[in-house]
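Heads up, the sequence shown is in full-length UniProt numbering, so the first residue is 1 and it goes up one at a time.
Please read the structure below before turning to the comments.
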Amino acid sequence: KYIHSANVMHRDLKPNNLLVNANCDLKICDLGLARLSAELDQSFMTVYVVTRWYRAPELLLGKKDYDKTIDIWSVGCILSELLGRKPLFPGKDYVDMLKKIVDKIGNPALEDQDHISEKAKNFLAGFAKTPHVGWKNVYPNASAPALDLLDKLLQFNPKKRLTPEEALAHPYMAELHDPDDEPECEGEFDFDYEQRQNLSDANIRDLTFQEIKQYHNPASKFKKR
């Protein structure tokens, strides 16, 4: 929720990037692939993001103008791994990934394919007709709320996936959800420094110092030597 409120996509959510201490405090790490949700420089908006097993179907189908909902799909994959103790879509390549996704969630309805290209639609049309597997058949020991949340995260249509706020308010999260302890970022993050080119060592040092000052305002009390 906090990352998305800063208009940032993580783009590589997976179990290895979730850090939990002895108190079960969770931290999300490795934002090396993170970008603004409305990135102006499309050179940054590659489809080769997110570790394959946690990659949303629109990325596998070559969609470049994606948004923060790719992170929600990854969260669904992580939840499924918590429920089943193994990855849900361990595909060997993008075709195998898509087959494994369709094997579980079924063929997407035509109205849920409006966000992908005609080429991608034709590719999906070649898949065998497959119904939704039914999450209870995959995770027989999981609770109904857990399976309902999973289903609402792993939607082929990005617009149908829950937002972070909706996911936190879901009944499955009732014991943990606390609106007063789920802050939002005060403003949108600025990745402008990453788009500057031909920077000198002095420029980089100055940009680094300016970035540090945003997180440590009392820097002025340090005496210059």
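We treat Cβ as the ideally placed atom computed from N, Cα and C, and that holds for glycine.
Give me the Cα-Cα distance between L40 and P140, rounded to the nearest whole angstrom. Here residue 40 corresponds to residue number 40 of the sequence shown, with the count starting at 1. Here residue 140 corresponds to residue number 140 of the sequence shown, with the count starting at 1. Note that L40 scores a pLDDT of 44, beneath 50, so its modelled location is shaky; the value from the coordinates is reported in the next line. Rounded to the nearest whole angstrom, the CA to CA distance from L40 to P140 is 45 angstroms.
Which same chain residues end up closer than 7 angstroms to residue 272 when comparing Cβ atoms and leaving out the 5 residues on each side of it in sequence? Beyond the ends of the chain as shown, which are 1 and 225, falls residue 272; an answer cannot be given.
Sort N203, K99 and A125 by Cα distance to P57 and report the nearest one. The sequence position of residue 57 within the sequence shown is 57, counting from 1. It is K99.
Which of the three DSSP states is assigned to V133 in this structure? Stepping through the sequence shown from its first residue, residue 133 is reached at position 133. DSSP places V133 in coil when its eight states are reduced to three.
Using a Cβ-Cβ cut-off of 8 angstroms (strictly less than) and excluding sequence neighbours within five positions of L13, which residues of its own chain qualify? Numbered from its first residue, the sequence shown carries residue 13 at position 13. Hits under 8 angstroms: I28, V50, Y54, D71, S74, V75 and I78.
Should D67 and P158 be called a contact, given that it needs their Cβ atoms to be closer than 9 angstroms? Here the question's residue 67 lines up with position 67 in the sequence shown. Here the question's residue 158 lines up with position 158 in the sequence shown. Taking 9 angstroms as the Cβ cut-off, D67 and P158 qualify as a contacting pair.
Considering only residues of the same chain and omitting the five flanking positions on each side of Y172, which have a CB-CB separation below 6 angstroms? On the sequence shown, residue 172 is found 172 positions in, with the first residue counted as 1. For Y172, same chain residues with a beta-carbon under 6 angstroms away, outside a window of 5 residues either side, are P145, A146 and L149 in chain order.
CA-CA distance, E175 and L168? On the sequence shown, position 175 is the one that residue 175 refers to. On the sequence shown, position 168 is the one that residue 168 refers to. Taking the CA atoms as reference points, E175 sits about 10 angstroms from L168.
Helix, strand or coil: how does DSSP classify K1 here? Against the sequence shown, residue 1 aligns to sequence position 1. K1 falls in the coil class under three-state DSSP.
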